[in-house]
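S.K.: Below is a structure I'd like to ask you about.
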Amino acid sequence: MAQKIVTVYTDDLTGEESEEVQTHSFSLNGVKYEIDLMSENYDMLFAALAPFVEAGRKTGRTKTAGRPRKSSGDELTAGELRAWARKNNYQINDRGRVPASIREAYQGAY
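Just so we're aligned, residue 0 is where the sequence shown starts under numbering that gives the first Met the number 0, counting upward by one.
So this is what it looks like as structure tokens:
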């Protein structure tokens, strides 16, 4: 018997399906959030937060030692996967969906 598994990526804001959906994280009042957005909706989020980011103070970044940190759902963000892939000599685009082969390579490494 053959099986075919289809993964559908959906923008959390609009409900629209797209291969370009990426996970983005942010925090507010000590609560961390993740949202899956297409690039144009991420641009809207970024524009809405920009005045507050510019006026705010940075409190630091989480540093990783060789292995990207995992998010709350044990899923890496697209940016973290891209950084890991580049560090491990995989070619990957700056935008768009992270290929399943990169995700599988990461899982196989850890």
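We put the CB at the ideal spot given by N, CA and C, even for glycine.
Quick one: complete alpha helix (DSSP H) runs, 4+ long, within the region 4-62?
M.R.: With a minimum length of 4 residues, the continuous alpha helix (DSSP H) runs that stay inside the region 4-62 are 38-54.
S.K.: Does F51 get closer than 9 angstroms to chain D when you measure Cβ to Cβ?
M.R.: Absence of chain D from the displayed structure is noted, only one protein chain being present.
S.K.: Tell me which residues share the same chain as S17 and place their Cβ nearer than 7 angstroms to its Cβ, disregarding the 5 neighbours each side in the sequence.
M.R.: Closer than 7 angstroms at the Cβ level, and outside the excluded window around S17, lie Y8, D10 and M37.
S.K.: Tell me, to the nearest whole angstrom, how far the beta carbon of T6 is from that of T76; I am working on the premise that it is less than 8 angstroms.
M.R.: Between T76 and T6 the Cβ distance is about 16 angstroms, and since that is not below 8 angstroms, they are no contact.
S.K.: When the distance is taken between beta carbons, is S24 closer than 9 angstroms to E33?
M.R.: Yes; because the gap between Cβ atoms is below 9 angstroms, this pair is in contact.
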